[in-house]
Structures are given as structure tokens and as C-alpha cells.
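Participant: Here you go, one structure.
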Amino acid sequence: MGVLLGLTLKELTMAHSNSVQFHPVPAFSFKPLFAIRDFLNLLVDAFNEAKVMEQKSRKTSGNW
27 MGVLLGLTLK
37 ELTMAHSNSV
47 QFHPVPAFSF
57 KPLFAIRDFL
67 NLLVDAFNEA
77 KVMEQKSRKT
87 SGNW
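Using our numbering, read the sequence shown as starting at 27 and increasing by one per residue.
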């Protein structure tokens with residue numbers, strides 16, 4: 027499909043209609059980093075909850 031250089035279809039058609047005029051597009055986005063951070067926070071929360079649940083179940087299970 028060719029290299030789009032991070033441009034949307036609208037920006038490409040606008041660039042073609044107005045001679046060659048490219049709109050600046052940020053080369054680096056923090057969104058993936060925020061997504062990774064949120065995912066890791068979710069894992070930590072799940073792990074902590076699992077630890078608490080395991081300790082509760084040990085207290086109620088008694089000695090087998």
C-alpha cells in the first residue's frame with residue numbers, strides 16, 4: 027500500500043489538492059507508553075488481590 031508516513035487519508039487528499047502541503051504529524055506518541063503503564067498497573071493490582079485472597083483461604087482452610 028506504500029508508505030503513508032503517518033498521514034491520514036484526509037491529510038493525503040488535502041495534500042494532493044493543495045499542491046504538496048503536508049500537515050505536521052507528531053512523530054512520537056505517548057499513548058502506547060500510557061497503555062503499557064496501565065496494563066502493568068492492572069497486573070500489579072491483580073497480583074496483590076490474588077495474594078490477599080490466598081492468605082484468606084489459608085486462614086479458613088485449616089490444617090489438612
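Note that beta-carbon positions come from the ideal geometry of N, C-alpha and C, so glycine has one too.
Does DSSP put Ser55 in a helix, in a strand, or in coil?
Facilitator: Along the sequence shown, one-based indexing puts residue 55 at 29. Reduced to three states, the DSSP call for Ser55 is coil.
Participant: Could you compute how far the alpha carbon of Pro50 sits from the alpha carbon of Lys77?
Facilitator: Residue 50 sits at position 24 when you count from the first residue of the sequence shown. Residue 77 sits at position 51 when you count from the first residue of the sequence shown. Going from the Cα of Pro50 to the Cα of Lys77 covers about 48 Å.
Participant: Whole angstroms is fine: what's the gap from Phe54's alpha carbon to Met79's?
Facilitator: Walking along the sequence shown from the start, residue 54 turns up at place 28. Walking along the sequence shown from the start, residue 79 turns up at place 53. Phe54 and Met79: Cα-Cα distance of roughly 41 Å.
Participant: Helix, strand or coil for Met27, going by three-state DSSP, please let me know.
Facilitator: Position 1 of the sequence shown, counted from the first residue, corresponds to residue 27. Note that Met27 scores 49 on pLDDT, short of 50, meaning its location in the model is unreliable and no value can be drawn from it.
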